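Accompanying notes for the structure given below.
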Amino acid sequence: MTCLSYCYLVISKYENVTNISLHRLTFQEFDLEKEDDCAYNYVEVYDGLDHTSLSLGRFCGNQTMQEVATSTQDGIAIKFRTDDHIAGKGFELVYELVEKNI
Ligand SMILES: [Ca+2]
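Just so we're on the same page, our numbering is the position in the sequence shown counted from 1, plus 77.
Right, here's the structure in full:
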């Protein structure tokens, strides 16, 4: 994916899936330009279908993370913001649907 300003990735569940309660994102790799305030190069995760939903976190720099975010909404949205100088290797994430615990 090439991205010069903003990219959005939205993952939503199928309407007929009823036994799924969690959308779980896990970063395997994460290497973006390092900034103190994560202002121009970051990944932000939202608890819903777009960027107006509650933010579950904004990430930048180089960090090792396990579970990043879980959403109980209909989906999860990921915003990737970059600028035109200094690039890291990027990021790799795993998306999972987790069954509802009864
Ligand atoms: Ca940059």
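Built from N, CA and C at the ideal position, the CB exists for glycine as well.
The structure presented is a predicted model; accordingly, all values stated were derived computationally and were not measured.
Under the DSSP assignment, Glu173 falls in the beta strand (DSSP E) whose first and last residues are Gly167 to Glu176.
By DSSP's assignment, Lys111 forms no beta bridge with any residue.
In the structure shown, the three-state DSSP call for Asn118 is coil. A Cβ-Cβ distance of about 6 Å is found for the pair Val122 and Val145, placing them in contact under the 8 Å criterion. Residue state for Ser82 is assigned as coil, using DSSP reduced to three classes. Take His128, set aside five residues on each side of it, and the residues of its chain with a beta-carbon closer than 8 Å to its own are Tyr85, Glu121, Ala154 and Lys156, in chain order.
With respect to the C-alpha of Asp108, the residue from Val171, Ile163, Glu173 and Tyr172 having the closest C-alpha is Ile163.
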